[in-house]
Amino acid sequence: MKKTSRFALALLGGLAMTGMVATASYADVESNDPIKLTLHDWTGQLITTKIMGSVLQKAGYNIEYVQADYIAQFAGLKEGDLHVAMEIWETTGREAMDEAVGTGKVVNLGETGMQAIEEWWYPSYMKEVCPGLPNWEALNDCAEAFATPETAPKGRYLGAPVTWGGFDDERVEALEMDFEVIHAGTDAALFAELESAYQRKAPVLLWVYSPHWAPAKFKGEWVEFPKYTAECYNDPAWGSNEDVAYDCGKPTGPIWKVAWSGLKGKWPGAHKAIEGFNISNDEMSQMIIDVDLDGKDMDAVVDHWVDANKDRWSDWVKN
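Numbered per mature numbering (1 follows the signal peptide of the UniProt record, and there is no 0), the sequence shown spans residues -27 to -1, 1 to 292.
Set out below in structure tokens:
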């Protein structure tokens, strides 16, 4: 998950501005400078960020959306080149978040209200050929059932885009699994493959996360690995493999909001509003379904939520 500073800065230098939204008047805000919110490459994060951006806009703030790498964005947050990241998942981003917060240059603004699961997942029909599931140890006995021509005789695990982290390559090595990790290029490609495989009842084992539409649409289960502990990631002596770390599953837990430490001093009202942001897994999953499955325009879905929840978000922006 950790990148060298040169790599992080190179990615940060390539960030693309994807949109700026401003209101007609800034009379009631502390600064007219744009608050820069990061956008990533999955639908839920885009929705979360645009809801927050819309609320801040209605409060009079100047908002700028910036496309950024999930992990490398912390370099920009530390320097104040970026200001707010609305989704840091306990499952994959905690290590990078804690490092950044530890510098004093980034602050944790609390939970979003959503609880994260990210883990290896398979359709229920795969238990017919691998009856020991969901226990992870069953996978080595039926690895060939998950093989593809590019991985045979090893099974294939379709991981998320490599920038998401998650330590799946390390997990395979640590648990001595007869699998090869193939990373999907994009979030869309990952779930397009699941759609195709599920319709054909073809073998597939892949990264699935929640909140998302996939666990609601498809019948399946997450693989049960040894339970995550911090020691598993930090102490090679922990667990079944005494030589390397990551011989356990991924953590589960909150999705967090983080910000540049200077946000509160420059935009105290926005800082308070972001702290107040809260949304449930069920709400987010439905909006993801609206966009990804029902083909609704994302901005229209965001606008509908904002219009329907005015009493709720008004409390976030009260002085």
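Note that the Cβ used here is the ideal one computed from N, Cα and C, for glycine as well.
The beta carbons of Met87 and Ile252 sit closer together than 8 Å.
Rounded to whole angstroms, the Cβ separation of Glu166 and Val177 is 7 Å, and the two are in contact under 8 Å. In this structure Lys9 is buried. Its beta-carbon is surrounded by 16 or more other beta-carbon atoms within 10 angstroms. Under the three-state reduction of DSSP, Trp93 is assigned to strand. DSSP places Phe47 within a helical segment (H, G or I) once states are collapsed to three.
Cβ-Cβ separation between Ile44 and Ala69: approximately 5 Å, consistent with a contact (criterion under 8 Å). Rounded to the nearest angstrom, the gap between the Cα atoms of Tyr201 and Asp280 is 40 Å.
Trp137 has no beta-bridge partner at all, per DSSP. The straight-line gap separating the alpha-carbon atoms of Pro122 and Glu153 is approximately 12 Å. In the DSSP assignment, Glu194 forms a beta bridge with Tyr95. The Cβ atoms of Glu63 and Pro224 lie closer than 8 Å to each other. Of the candidates Pro7, Thr11, Asp6, Thr16, Thr16 places its Cα closest to the Cα of Ile262. Only buried fits Ala147, as 16 or more other CB atoms lie within 10 angstroms of its CB.
Taking C-alpha positions only, Met260 is separated from Glu91 by approximately 19 Å.
Shown here, Val154 sits in a strand according to DSSP, grouped into three states. When DSSP states are grouped into helix, strand and coil, Thr76 belongs to the coil group.
Residue environment analysis places Ser183 among the buried positions, since at least 16 neighbouring C-beta atoms fall within 10 angstroms of its C-beta.
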